[in-house]
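Trainee: Protein chains in written order, with this note's numbering: chain A, 23 to 477; chain B, 37 to 297.
The beta-carbon is built from N, C-alpha and C at its ideal position, and this holds for glycine as well.
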Ligand SMILES: Nc1ncnc2c1ncn2[C@@H]1O[C@H](COP(=O)(O)OP(=O)(O)O)[C@@H](O)[C@H]1O
Ligand SMILES: [Mg+2]
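1) Residue 55 of chain B lies in the beta strand (DSSP E); which residues open and close that run?
2) Note down the Cα distance separating residue 161 of chain B from residue 155 of chain B, rounded to an integer number of angstroms.
3) Please identify, using Cβ separations under 7 Å, the residues of the segment 106-121 of chain B that lie next to chain A, in order along the chain.
4) Starting from residue 136 of chain B, follow its DSSP beta bridges and name the residues at the other end.
5) When you compare only the Cα positions, how much space is there between residue 365 of chain A and residue 118 of chain B?
6) Taking Cβ-Cβ distances below 7 Å as the criterion, which residues of the segment 123-138 of chain B are in contact with chain A?
7) Since residue 261 of chain B meets chain A, which of its residues come closer than 9 Å, beta carbon to beta carbon?
8) DSSP beta-bridge partners for residue 59 of chain B?
9) Which residues end up in the neighbourhood of ligand 1 when you take C-beta atoms closer than 6 Å to any of its heavy atoms?
10) Who are the Cβ neighbours of residue 474 of chain A in its own chain at under 7 Å, not counting the five residues just before and after it?
11) Just to confirm, is the Cβ distance from residue 166 of chain A to residue 135 of chain A under 7 Å?
12) Looking at the secondary structure, which residues open and close the alpha helix (DSSP H) in which residue 197 of chain B lies?
13) Of the residues that make up the segment 412-427 of chain A, which ones have a beta carbon closer than 7 Å to any beta carbon in chain B?
14) Count the other CB atoms, across all protein chains shown, that sit within 10 Å of the CB of residue 237 of chain B; report buried if there are 16 or more and exposed otherwise.
15) With distances taken between CB atoms, is the gap from residue 65 of chain A to residue 292 of chain A smaller than 7 Å?
16) Return no unless some Cβ of chain A is closer than 7 Å to the Cβ of residue 51 of chain B.
17) Using a Cβ cut-off of 7 Å (strictly closer), state whether residue 257 of chain A contacts chain B.
18) If you measure from the beta carbon of residue 86 of chain B to each beta carbon in chain A, is any gap under 7 Å?
19) Taking C-beta pairs closer than 7 Å, name the residues in chain A that residue 197 of chain B reaches, listed in chain order.
20) In terms of residue numbering, what span does the beta strand (DSSP E) encompassing residue 238 of chain B cover?
21) So residue 356 of chain A contacts chain B; which residues on that side make the cut at Cβ distance below 7 Å?
22) Name, please, each residue of chain B whose Cβ falls closer than 7 Å to the Cβ of residue 345 of chain A.
23) Excluding the 5 residues preceding and the 5 following residue 298 of chain A in the sequence, name in chain order all residues of the same chain whose CB lies nearer than 7 Å to its CB.
24) If residue 102 of chain A and residue 69 of chain A are in contact, beta carbons under 8 Å, what's the gap, nearest whole angstrom?
25) Which residues of chain A have a Cβ atom closer than 7 Å to the Cβ of residue 144 of chain B, listed in chain order?
26) Quick one: grab the DSSP three-state call for residue 124 of chain B.
27) Please name the residue or residues paired with residue 257 of chain B in a DSSP beta bridge.
28) Rounded to whole angstroms, what's the CA-CA distance from residue 57 of chain A to residue 51 of chain A? Just pull it up for me.
29) Look at the alpha carbon of residue 86 of chain B and the alpha carbon of residue 76 of chain B, and state the distance between them as a whole number of angstroms.
30) Mind listing, in chain order, the continuous beta strand (DSSP E) runs of no fewer than 3 residues lying wholly within the segment 201-253 of chain A?
31) By the three-class DSSP mapping on this structure, what secondary structure does residue 64 of chain B have?
32) My assumption, with CB atoms under 8 Å, is that residue 206 of chain A sits in contact with residue 424 of chain A. Please give the rounded CB distance.
33) Taking Cβ-Cβ distances shorter than 8 Å, what residues in chain A pair up with residue 274 of chain B?
34) Consider the C-beta atom of residue 127 of chain B and the heavy atoms of ligand 2; say whether any pair is separated by less than 6 Å.
35) Determine the chain A residues that contact residue 161 of chain B at a beta-carbon separation under 7 Å, and present them in chain order.
36) Tell whether a beta-carbon distance below 7 Å holds between residue 41 of chain A and residue 412 of chain A.
See below:
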């Protein structure tokens, strides 16, 4: 098993620098590393600035060590919840951009779908089935997903079969869907959403899976990484292909498990709100410890929107890398003519891709409207810009052919970190916009320099 | 095979196609028999690539018919052409630059596991086998083909065309990016495929190549066929005369593009 590997890369290893060898063996993108660096910089920077501000702009080293403003479990937990809706859509936008298209309509489509499912729940299902009915949330989700699939497929049809550039189709969609959202409810707010549906947003106490389940999930992810590495190695061994060096496998395993367990640790360090915990203790006749409700050890753990985003990320990564559909999406992005000549039904794949984007937008519409516990016609306003920005920051090339799902999701986290951090520091929203926009342009500029250096 | 003339594998009759006002191919007729190599010659812009792209399903013809084994063939897209056993090495290679050699080799015909997912390991294994036959030194199976050399990219395109049991093989300038060593290898490959009974259209603007490998040549000029005939019945100078002047020699059957005598 270990005799074959060195053979084919031996001539390369000789001339490679250690860092080059590291990146080749682990297949880690240096761009990914840059993004992680940017994320850490934002987190630590926001934290330090926050503490510095809290201390009245004096620098006390002890204060910096003991106090945190940004890097608190509560804030990081909220950050993950807030990121989930954009992250879900970014997984589709990557593939749209990989195919050399764009979807500018996701923001207003989100509003429109949110309004549709809101109206369905509040004005139709609830009066008909009674507001307690457990069917409402299921039908509400199905209505949203169906609407998303339909609207997305319509976009895709116009792009693929009518031959209208996606920029125009979805720019039109941006205007049409936002008008349609207003038209359905005449600018009213539809509220409240169904109580079960609300769990999707992560706000009510039933929307957190708690400490034990969170640890179990993290452990399961670690196990999945181990199984993944072993299946890959044994498959390659069966065909006597070169293997990744053991140290690289171990490195990836350790990093993957550290991220999974670390995230579980953070979300589990965020206790239930005191009121909710006290009510729970009273109900279950648990005495409240002297140090307050936090002493009950009731942790939030992962929230449902985080789990949705995680599941979407896994499914979309699977689709992109393990299915013919994903293979075709990338091939079309690399050379549309070649894909067509190779016998790929490029039009149908394009249609399917836009439909997938619509379904993902519906998922985000559910998360966003559930979190707000209401639907308005401005629910997803400007979301398209954040989704595209997250995708581009995540290393997706606008020239097509290149981009990863995890990169885009990480990009979404970077964008949201920047926004939440500035909100926490009480930045004016106008200033926030100026900064977020500038960061996007700056990130792409850095990326261009990097690419030119590589070439 | 019968003593009588066998049925042609491919018969293209009066095929025409225009782009805007330009008649890229103008009432062209050519045919191909099993185990035969037909060289298609002509200047740049003569319409060679366009004519064979009609056969491979890349372009829809404006007029004319295509018969495969004597029966009218309905070729509306590349998938249809592949169903008739027509494989093509395009002049532009038509590779997806951002994915690796195996992904290109199997593009549109991916091997799948029993769960329906991509069987990348099996595809890489077969890719290694077929590439070993064409380019034994090739090692870069994990790199996107964009980072490969011209010759390596060409090998990938050739590998793709020969891997799926083609009956009709179209090679549009297959050796353009190859060195002398690899060009010879492709020549050997053509002889081998011919011996297996595959019909080959070999497009080139180098008549020496074609004279060595082809049984017959057809010459195009301004979208029209000047003439065609067995290589044994013509000299290289006569073929050059067809290419440059459109003058059909006595050994060849004149087409619509032949200069009026
Ligand atoms: N897709 C296209 N659109 C417009 N014109 C084309 C296209 N393809 C080929 N042509 C034109 O058709 C003519 C024949 O080109 P081509 O078949 O590529 O010639 P050859 O392969 O013999 O060099 C040229 O005048 C070329 O400009
Ligand atoms: Mg040509």
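Mentor: Let me spell this out:
1) 46-55
2) 10 Å
3) 114, 115, 118
4) B:180
5) 8 Å
6) 126, 130, 131, 132, 133, 134, 135
7) Result: empty, since nearest Cβ-Cβ is about 24 Å, beyond 9 Å.
8) Answer is B:54, bridged to residue 59 of chain B.
9) B:55, B:58, B:60, B:78, B:80, B:81, B:82, B:83, B:84, B:85, B:86
10) none
11) yes
12) 186-198
13) 423, 424
14) buried
15) no
16) no
17) yes
18) no
19) Correct list: empty, because the minimum Cβ distance to chain A is about 11 Å.
20) Its beta strand (DSSP E) spans residues 235-239.
21) 132, 133, 134, 135
22) 153, 154
23) 227
24) Incorrect: roughly 16 Å between the Cβ atoms, too far for contact.
25) 364, 365, 366
26) If DSSP states are grouped into helix, strand and coil, residue 124 of chain B belongs with the strands.
27) B:260
28) It is roughly 10 Å from the alpha-carbon of residue 57 of chain A to the alpha-carbon of residue 51 of chain A.
29) Each residue's Cα considered, the two are about 12 Å apart.
30) none
31) In the structure shown, residue 64 of chain B adopts extended strand secondary structure according to DSSP, grouped into three states.
32) That belief does not hold up - the Cβ atoms of residue 206 of chain A and residue 424 of chain A are roughly 39 Å apart, past 8 Å.
33) Chain order gives no chain A residues near residue 274 of chain B, where near means a beta carbon separation below 8 Å; the closest approach is about 35 Å.
34) yes
35) 261
36) no
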